[in-house]
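Going by our numbering, the sequence shown opens with residue -15, and the numbers climb by one from there.
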Amino acid sequence: MDYKLVLNERLEEKLIHVPVGDHVAEYCPDTVKNGTKYLFCNQCNATAVLYGDGDLWASPHLDTCQLKIKEKAEADQAERRAKLLVSKGVKSQDAYDIHYAECVKNGCEVYYKAFFQMRKQLSRIYGKKLADSTLGQTAAEYCFFPNTNVRWLLKETREFAIFATDNMLRTMASASVLVVDGTFSIRPAEVEKGQILTIHALVAGENGEEWVPVAMAVLSSHEQVQYEAVVNAIKEKWQELGIEPTFGRIHCDYEQGLMNAMKLLDTADKVYGCHFHSSQAIYRAVVDCKLFRHYMDGKRRGHRHLSAIVLL
Ligand SMILES: [Zn+2]
């Protein structure tokens, strides 16, 4: 009987797949005696024996045993092999793409998960390969870019770390529009109120205007003092490099501490709210006031028009 060794959940090559028509039976090893492996079905515990010479004998599966479709089993294995590649240092997207191509070749790509569904797990595996960093003690390899030796870490304390190269700071100073926003979904693990604050600049690129990140800060709180510390670190470097900020305006959400701090980046009149966050706030208020149904049926358009007032 045909069989092949495949990866288990822990990415060890310990499972055995045996084709059964359009399906695949998956066996786990039980014991080994004199080179003979005793196996059991993952689904119904039916037994099988794999002899040292490669011969495989299998008892029938229970009627209730739900074997995986061949293509699904192959795609699941491709996912595990992608994880294995990442654990060896290949970047998530590259490992994903390699195995996607393989699935296309085997005709099982419809069962292969989308990248966004695998991304978190893959980057967690990749993250285990990265050097440990804690606030105030960023690993040396993240302070400078490895090939060019360009400085990336601008300033760090035990409360925050801000990353921006001189060129990024130049771009920031002269951009027409800046936006600043924090994310809480990816943040330092050791602090409860941590966040990653990012500043993007709108710059003229080859194919028209595009948004580029010009600063990133790892923060341990939502307090104004910390936002101000970020602003001060940027301003100090601008001064040192002889850069005059001429950016047109900066948009942020309606967090008071953040707005106050951004007013210190240059003049206060350059700080604007943000239509996305304003609409989000209105929408949340609509939900809080239990007006969601009216918002959706569109009969009372007032709630929707509210978000547009700022555009008049
Ligand atoms: Zn079975």
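Cβ coordinates follow ideal geometry from the N, Cα and C atoms, glycine included.
Presumed contact (8 Å Cβ cut-off) between residue i and residue j, rounded CB distance
{"i": "C258", "j": "H289", "result": "With a Cβ gap of about 19 Å, C258 and H289 do not count as contacting."}
{"i": "F99", "j": "Y80", "result": "5 Å"}
{"i": "A269", "j": "Y238", "result": "Going by Cβ atoms, the distance from A269 to Y238 rounds to 12 Å, so no, they are not a contact pair."}
{"i": "L137", "j": "T122", "result": "6 Å"}
{"i": "M152", "j": "A199", "result": "6 Å"}
{"i": "S76", "j": "S107", "result": "5 Å"}
{"i": "V(-10)", "j": "H1", "result": "5 Å"}
{"i": "A252", "j": "E212", "result": "Actually they do not touch by this definition, with Cβ atoms about 14 Å apart."}
{"i": "A59", "j": "C87", "result": "6 Å"}
{"i": "K247", "j": "R233", "result": "Their Cβ separation, rounded to whole angstroms, is 12 Å, which puts K247 and R233 out of contact at 8 Å."}
Residue i - DSSP class collapsed to helix/strand/coil
{"i": "C87", "result": "helix"}
{"i": "W195", "result": "strand"}
{"i": "F129", "result": "coil"}
{"i": "T149", "result": "coil"}
{"i": "F24", "result": "strand"}
{"i": "H1", "result": "strand"}
{"i": "L249", "result": "coil"}
{"i": "Y110", "result": "helix"}
{"i": "K(-12)", "result": "strand"}
{"i": "L256", "result": "Note that residue 256 corresponds to Tyr in the displayed sequence, not to Leu. Note: Y256 maps to strand in three-state DSSP."}
{"i": "V215", "result": "helix"}
{"i": "V209", "result": "helix"}
{"i": "L225", "result": "helix"}
{"i": "T118", "result": "strand"}
{"i": "L51", "result": "coil"}
{"i": "A201", "result": "strand"}
Element boundaries [beta strand (DSSP E), containing residue i]
{"i": "D165", "result": "161 to 167"}
{"i": "A42", "result": "40 to 42"}
{"i": "D14", "result": "7 to 17"}
{"i": "L295", "result": "Segment: none, L295 is in no beta strand (DSSP E) and carries neither H nor E."}
{"i": "L138", "result": "137 to 140"}
{"i": "H235", "result": "233 to 235"}
{"i": "T31", "result": "31 to 34"}
Same chain, Cβ closer than 8 Å to residue i, five either side skipped, listed in chain order
{"i": "S263", "result": "S291"}
{"i": "E125", "result": "A115"}
{"i": "K177", "result": "S204, S205, H206"}
{"i": "F24", "result": "Y11, C12, D14, A30, T31, A32"}
Boundaries (first-last residue) of the alpha helix (DSSP H) holding residue i
{"i": "I180", "result": "Careful: I180 lies outside any alpha helix (DSSP H), inside the beta strand (DSSP E) at 179 to 189."}
{"i": "V94", "result": "Run containing V94: none; DSSP gives neither H nor E here."}
{"i": "K54", "result": "54 to 71"}
{"i": "A269", "result": "259 to 272"}
{"i": "H278", "result": "276 to 281"}
Residues near residue i in its chain [Cβ-Cβ closer than 6 Å; skip 5 each side]
{"i": "P229", "result": "A157, D250"}
{"i": "L69", "result": "A79"}
{"i": "R142", "result": "L119, G120"}
{"i": "Y110", "result": "V70, S76"}
{"i": "E193", "result": "L186"}
Close Cβ partners of residue i (< 7 Å) along its chain, the five nearest in sequence each way excluded
{"i": "E174", "result": "T118"}
{"i": "Y84", "result": "E93, Y96"}
{"i": "E207", "result": "G241"}
{"i": "H7", "result": "L51, K52, I53, K54"}
{"i": "T149", "result": "V134, R135, W136"}
Review point. Are the region 143 to 159 and the region 219 to 230 in contact at 8 Å, needing three or more beta carbon pairs?
Key: yes
Review point. Does the region 78 to 95 come close enough to the region 46 to 57 to have 3 or more Cβ pairs within less than 8 Å?
Key: yes
Exercise for review: Specify whether the region 100 to 115 and the region 179 to 190 touch according to this definition: at least 3 beta carbon pairs, one from each stretch, less than 8 Å apart.
Suggested key: no
Review point. Quick check: the region 15 to 33 against the region 43 to 52, are there 3 or more CB pairs under 8 Å?
Key: yes
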